[in-house]
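As you go down the protein sequences, you meet chains A and B in turn. Okay, so the first sequence: first residue is 1 according to full-length UniProt numbering, each after it adds one. Okay, so the second sequence: first residue is 1 according to full-length UniProt numbering, each after it adds one. Note that CB positions come from ideal geometry on N, CA and C, so glycine has one too.
Number of protein chains: 2
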Amino acid sequence: MAQYSADLDGVFVALADPTRRGVLRRLGRGPVSVGDLARDVPMTLPSFLKHVRMLETSGLISTVKAGRVRTCVLNRERLGLVDDWLAAERRAWEDRTDRLEQLLSEEDHP
Amino acid sequence: MAQYSADLDGVFVALADPTRRGVLRRLGRGPVSVGDLARDVPMTLPSFLKHVRMLETSGLISTVKAGRVRTCVLNRERLGLVDDWLAAERRAWEDRTDRLEQLLSEEDHP
DNA sequence: GCAATACTTAGCCTCATGGCACAGTATTCG
DNA sequence: CGAATACTGTGCCATGAGGCTAAGTATTGC
């Protein structure tokens, strides 16, 4: 659970940057090399590479190097963490809402 | 759209901290004062207050001060931003998958 | 082999985050 | 009124994010 939380930290941090979200969007259309990704971004390559590394350590993408080209692939299932978190939050709210409605209906018919 | 992206930045940054996620979870059960929230957290009040402010500027919570007590309330609808972003990502993937499957089926029956 | 390509490393800068302590303000209670 | 309560403001510090330049390494193409 502590690990779950740390993973979630990493994923949310990774998502909190437009450059990185842009990379994810692009990778949704298939694997792309670092160089090709960087061409779309107004930034030097070393700076951009930091974003790629961060996406990789968050688990949102994987990369493999073949020759001198590093290719990035989206790990779609990783966003399941966000889904799960959202679902858990909402479950908590709804439990509360249920109890609240129950309480209200008891007041209606005591 | 630029604003949408900036809003998303703020929300993801806010969610990228266990303390703040804990606050949201707690607020899911109803409004709570800053002091009560702080009691659960191993941190000084001024430090904790920074988290509350950050949650507020991200739009995930609202706060009102009555007398000397500031009460925090969850803005549930704000998480819709995350839903929307997730949905948009997935739509992009699926479009691609559709095209890919179409391509494959064309290869099967040229 | 040599030059171009595609990263990669290293070092530096600035600003934001997340923590602290300490002192202040505004309300409320006796 | 005076003390306790509940924040709030200020200033400090360490760390890490996000950008840069300059130089280095490993592959590939001619």
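Report the three-state DSSP secondary structure of residue i (helix, strand or coil).
| i | result |
| --- | --- |
| T44(A) | coil |
| A66(B) | strand |
| L60(B) | coil |
| A16(A) | coil |
| G22(B) | helix |
| G28(B) | coil |
| D95(B) | helix |
Please state whether the Cβ-Cβ distance between residue i and residue j is less than 8 Å.
| i | j | result |
| --- | --- | --- |
| W85(B) | G28(A) | no |
| F12(A) | F12(B) | yes |
| V73(B) | S33(B) | no |
| L60(A) | A14(A) | yes |
| E89(B) | R39(A) | no |
| A16(A) | A16(B) | yes |
| T71(B) | P31(B) | yes |
Count the other CB atoms, across all protein chains shown, that sit within 10 Å of the CB of residue i; report buried if there are 16 or more and exposed otherwise.
| i | result |
| --- | --- |
| L45(B) | exposed |
| S58(B) | buried |
| L8(A) | buried |
| V64(A) | exposed |
| R78(A) | buried |
| G10(A) | buried |
Could you please give me the residues that DSSP links to residue i through a beta bridge?
| i | result |
| --- | --- |
| T71(B) | S33(B), V64(B) |
Review point. At a cut of 8 Å, does the stretch 5-20 of chain B reach the stretch 46-59 of chain B through at least three beta carbon pairs?
Key: yes
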